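Visitor:
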Amino acid sequence: MPEAIIEARDLVKRFGRFVAVDHLSLTVNRGEILGFLGPNGSGKSTTIRMLCGLLRPTSGSGSVMGYDITREAEQIKERIGYMSQRFSLYEDLTVAENVLFYAGIYRVPRARRKERLEWVLEMAGLKEHRNRLTGTLSVGWKQRLALGCALAHEPEILFLDEPTSGVDPVSRRGFWDLIAGLAEEGVTVMVTTHVMEEVEHCHRAVLIYQGRQIALGTPAELKASLPGALYEVRVEPALAALKALERVEGVEDAALFGTALHVRTRTPIPEAMLEKALVDAGFPGARVTPAEVQLEDLFISLIAEADRSGKEA
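Below, the structure is given as structure tokens:
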């Protein structure tokens, strides 16, 4: 049976009158990669900081490796790896010096520090850069180094707060390969992101909006949960056509998706009906085809529903 290693129960965090996290509950199992997905300002980083023992919750409770996040925060900090949203290493130290510094901070026994240094450099692909000043590295290599420093003390749990922010696509893919390898070795990873395609690398994902959980499941389960039917519309100009489609009866939501539009309807309707509606609205030459559901489609739909519910309330 899966072993729960991170638990949150009705977590709330308020800053004055602002509710950053609103009664959030979740469980993360050992060896799992859990994606924590949401737009900027949705409460992802605040939740991570509470679970790491860096921020005291207003109410609710939680535990990491059996330690209470409020009463036993210091024990949690000693046993986890944490990579913050902002690059936090010393740019005037070399790659090797940064790793050894963090090994010391994490109280790795002096006799083992060289061994851990070599492991980090091998894992992150930084052996050839060991003597380079960290400030001269590209963003992608800096993120690899930050990941390595967070692993210097062999933590069982790794918290990553938007680790690929500002990283190019090739470096991002390499970074996720490293994370997958760690999970295969039994490391539990909780990672925040607002990049939809990154969720495909996770075993499960939590979608959060305005501090509230709005969906939870595997990437396949989440995409299968989108109600109605989805269509891709290619039309020019797309933005103007978007407004026209939103007025068509049966259309639940519509959004730009690359150079095309994705349109979701309550029930399946003939593509020709949507094409005719566009022609009647002054958009000849539109092409409508069934679309494969992407996580972005689900997220847009859930946010629209949450906004509608909030207005009704």
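Numbering (the numbering used here), first residue to last: 61 to 373.
Even glycine gets a Cβ: it sits at the ideal position worked out from N, Cα and C.
As the structure is a computational prediction, the values presented were derived from the model and not from experiment.
1. Would you be able to state if there are at least three C-beta pairs under 8 Å between the segment 136 to 153 and the segment 169 to 187?
2. Once the 5 residues before and after Ser148 are set aside, which same chain residues still bring their CB inside 8 Å of it?
3. Would you mind stating whether Ala242 and Leu218 have Cβ atoms separated by less than 8 Å?
4. Can you grab the Cα-Cα spacing for the pair Ile329 / Val311, in whole Å?
5. Return the first residue and the last residue of the alpha helix (DSSP H) that Gly200 is part of.
6. Val230: which of Gly246, Trp179, Arg204 and Leu220 sits nearest, CA to CA?
7. Would you mind giving the Cβ-Cβ distance between Leu282 and Val293, rounded to the nearest angstrom? I have them listed as a contact below 8 Å.
8. For Ser105, count neighbouring C-beta atoms within 10 Å of its own C-beta (all shown protein chains included) and say buried if the count is 16 or more, exposed if not.
9. Note down the Cα distance separating Leu334 from Val348, rounded to an integer number of angstroms.
10. Anyone know if the C-beta pair for Met143 and Leu71 falls short of 8 Å?
11. Would Val81 and Thr107 qualify as a contact pair, given that the criterion is a beta-carbon distance under 8 Å?
12. If we ignore side chains and look at the alpha-carbon of each, how far apart do Ala373 and Ile363 end up?
13. Checking the sheet assignment: what are the DSSP bridge partners for Val249?
14. Are at least three pairs of beta-carbons, each pair with one atom in the segment 115 to 123 and one in the segment 95 to 103, less than 8 Å apart?
15. Please return the same chain residues whose Cβ sits closer than 6 Å to the Cβ of His213, not counting the five positions on each side in sequence.
16. By how many angstroms is the C-alpha of Leu197 removed from the C-alpha of Glu365?
17. Along the chain, which unbroken stretches of the beta strand (DSSP E) at least 3 residues long are found entirely within the segment 288 to 346?
18. Kindly give me the distance between the Cβ atoms of Glu216 and Thr248, rounded to whole angstroms, as I take these residues to be in contact under 8 Å.
19. Entirely within the segment 146 to 197 and at least 4 residues each: give me those alpha helix (DSSP H) ranges in chain order.
20. Going by C-alpha to C-alpha distance, which of Leu267, Arg324, Arg77 and His189 sits closest to Glu309?
21. Here's the rule I'm using: 16 or more other beta-carbon atoms within 10 Å means buried, otherwise exposed. How should Val124 be labelled?
22. Along the alpha helix (DSSP H) that carries Ser225, what are the first and last residues, could you check?
23. Using only alpha-carbon positions, find the residue among Glu258, Val159, Ala298 and Trp201 that is nearest to Ala210.
24. Sorted by chain position, which residues of the same chain lie with C-beta nearer than 8 Å to Val227's C-beta, five sequence neighbours on each side aside?
25. Note down, in chain order, each residue of its chain lying with its Cβ closer than 8 Å to the Cβ of Val266, except the 5 sequence neighbours on either side.
26. Report buried or exposed for Lys303, applying the criterion of at least 16 other Cβ atoms within 10 angstroms of its Cβ.
27. When DSSP labels each residue in this structure, what does Ile360 get in the three-state scheme?
28. Taking the alpha carbon of Gly208 as the reference point, which residue from Ile140, Leu111 and Gly345 has its own alpha carbon closest?
29. What did DSSP end up calling Ile140 once you bin it into helix, strand or coil?
30. Give a yes or no on whether the C-beta atoms belonging to Leu321 and Ala300 are separated by under 8 Å.
31. Less than 8 Å between C-beta atoms, sequence neighbours within five positions excluded: which residues of the same chain meet that for Arg74?
32. Can you have a look at Pro287 and say buried or exposed, based on whether 16 or more other CB atoms are within 10 angstroms of its CB?
33. Output the distance between the C-alpha atoms of Ala280 and Arg232, rounded to the nearest integer angstrom.
Guide: In brief:
1. As far as the Cβ criterion goes, the segment 169 to 187 does not touch the segment 136 to 153, which means the pair count is below three.
2. Cβ neighbours of Ser148 within its own chain (closer than 8 Å, five residues either side excluded): Ala206.
3. In the sequence on display, residue 242 carries Leu and not Ala. Result yes, Cβ atoms of Leu242 and Leu218 sit closer than 8 Å.
4. When rounded, the distance between both Cα atoms is 10 Å.
5. Counted as a single uninterrupted DSSP element, the alpha helix (DSSP H) harbouring Gly200 occupies residues Val199 to Ala210.
6. Of the listed residues, the one whose Cα sits closest to Val230 is Arg204.
7. In this structure Leu282 is not in contact with Val293, their Cβ atoms being roughly 23 Å apart against a cut-off of 8 Å.
8. Here Ser105 is buried. Its C-beta has 16 or more other C-beta atoms within 10 Å.
9. In this structure, the straight-line span from the alpha carbon of Leu334 to that of Val348 is close to 7 Å.
10. Taking the C-beta atoms as reference points, Leu71 is found no nearer than 8 Å to Met143.
11. Judged by beta-carbon spacing, Thr107 lies within the 8 Å limit of Val81, meaning their Cβ atoms are closer than that value.
12. Model confidence at Ala373 stands at a pLDDT of 46, short of 50, so the residue's coordinates are unreliable; what they give is reported in the following sentence. In this structure, the alpha-carbon of Ala373 lies about 15 Å from that of Ile363.
13. DSSP output for Val249 lists Ile93 and Leu218 as bridge partner(s).
14. Touching, no.
15. Same-chain partners within the cutoff: Tyr166 and Val168.
16. Glu365 and Leu197 have their C-alpha atoms spaced approximately 43 Å apart.
17. With a minimum length of 3 residues, the continuous beta strand (DSSP E) runs that stay inside the segment 288 to 346 are 289 to 294, 311 to 317 and 320 to 325.
18. Between Thr248 and Glu216 the Cβ distance is about 6 Å, and since that is below 8 Å, they are a contact.
19. Assignment of alpha helix (DSSP H) within the segment 146 to 197, counting only whole runs of 4 or more residues, yields 155 to 165 and 170 to 184 in chain order.
20. The shortest CA-to-CA distance from Glu309 to any of Leu267, Arg324, Arg77 and His189 is the one to Arg324.
21. Taking every protein chain shown into account, the CB of Val124 has 16 or more other CB atoms within 10 angstroms, so this residue is buried.
22. For Ser225, there is no enclosing alpha helix (DSSP H), as DSSP marks it with neither H nor E.
23. Among Glu258, Val159, Ala298 and Trp201, the Cα nearest to that of Ala210 is on Val159.
24. So the list reads Val199, Gly200, Gln203 and Phe235, once near-sequence residues are dropped.
25. Excluding the 5 residues flanking it on each side, Val266 has same chain C-beta neighbours closer than 8 Å at Leu86, Leu94, Gly95, Phe96, Leu97, Gln273, Ala275 and Leu276, in chain order.
26. With fewer than 16 other Cβ atoms within 10 Å, it is exposed.
27. DSSP, read as helix, strand or coil, puts Ile360 in helix.
28. Among Ile140, Leu111 and Gly345, the Cα nearest to that of Gly208 is on Ile140.
29. Ile140 falls in the strand class under three-state DSSP.
30. No; because the gap between Cβ atoms is not below 8 Å, this pair is not in contact.
31. Within the same chain, Ala80 and Thr118 come within 8 Å of Arg74 by CB-CB distance, once the 5 residues on both sides are set aside.
32. Pro287 should be labelled exposed.
33. Between the alpha carbons of Ala280 and Arg232 lies a gap of roughly 22 Å.
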